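Oh and the sequence shown: position 157 is 148 in our numbering, straight run, nothing missing. Positions of the beta carbon are idealized from the N, C-alpha and C atoms, including for glycine. Since the structure is predicted, the reported quantities are computational estimates derived from the model, not experimental observations. Below is one structure, written out as structure tokens; comments come after it.
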Amino acid sequence: MAKEKGRKLIAQNKKARHDYLIIDTYEAGLVLTGTEVKSLRQGRASLVDGFVQLDGNEAWLHNVHVPEYSQGTWTNHSARRKRKLLLHRAEIDKLESKSGETGHTIVPLALYFKDGRAKVEIALAKGKKEYDKRQALREKQDRRETDRAIAAVKRRQRGA
């Protein structure tokens, strides 16, 4: 069997990019059990309520839902258990110092397989206020409208 290459996305947390201002991103490995890996390979996971907590010199991923493996037996995992993240000491120290600041948190952005190994993209983030979210949505709508207008002008020019 050939070893898989590249990045295969399992789950994404789109809400995190809406609710938080992303300051810095990191790629971390995950410590998983066999049934968790099999369940992830089926493409089933949810990062919606997930967060990272630094405990001493270790990083832990909480509230990420990996459903039980359908063919699993009594060795099946619990769906919302905390999972250890594999990061370098310098990365953990940097995250610990930055996340201690007011309003900063660490959230998972994506869960994927990279060259056959489960990885999670985590981000140091700062919570957005409600008016920041509205402003970002307004900018997105304005950008979409200008793109549509430009495309319509180009279509008219081609047709003439």
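Nearest candidate by alpha-carbon position, reference residue i, set the options
i       : options                        : result
Gly(-3) : Lys105, Ile113, Asp138         : Lys105
Gly34   : Ile1, Arg134, Asp133, Asp138   : Ile1
Lys6    : Arg134, Ala140, Ala114, Thr137 : Ala114
Lys85   : Gln3, Asp15, Arg8, His9        : Asp15
Gly47   : Val144, Arg8, Lys75            : Lys75
Glu87   : Val57, Pro58, Tyr122, Ala50    : Ala50
Lys117  : Glu18, Gly91, Ile83            : Gly91
Tyr11   : Lys131, Asp133, Lys124         : Lys124
Start and end residues, alpha helix (DSSP H) containing residue i
i      : result
Asp96  : The sequence given here has Thr at residue 96, not Asp. Note, Thr96: premise wrong, no alpha helix (DSSP H); beta strand (DSSP E) at 95 to 105.
Asp10  : 5 to 10
Gln126 : 121 to 150
Ala36  : Per DSSP, Ala36 belongs to no alpha helix (DSSP H) and is neither H nor E.
Spatial distance of residue i from residue j (CA atoms)
i      : j      : result
Leu21  : Arg129 : 37 Å
Arg28  : Lys73  : It should be pointed out that residue 28 corresponds to Val in this sequence rather than to Arg. Their Cα atoms are separated by approximately 15 Å.
Gln3   : Thr26  : 21 Å
Asp138 : His79  : 42 Å
Gly94  : Leu100 : 18 Å
Gln126 : Val98  : 22 Å
Ala142 : His9   : 27 Å
Coil, strand or helix - residue i by DSSP
i       : result
Met(-8) : Because the pLDDT of Met(-8) is 48, which lies under 50, any placement of that residue in the model is unreliable, and the question is left without a value.
Val28   : helix
Glu49   : strand
Leu23   : coil
is_contact[residue i, chain C] using C-beta, thresh 8 Å
i      : result
Gln132 : Judged by its chain identifiers, the structure shown contains no chain C, having just a single protein chain.
Boundaries of the beta strand (DSSP E) in which residue i is found, first to last residue
i     : result
Arg74 : 74 to 77
Are the region 136 to 149 and the region 36 to 51 in contact at 8 Å, needing three or more beta carbon pairs?
no
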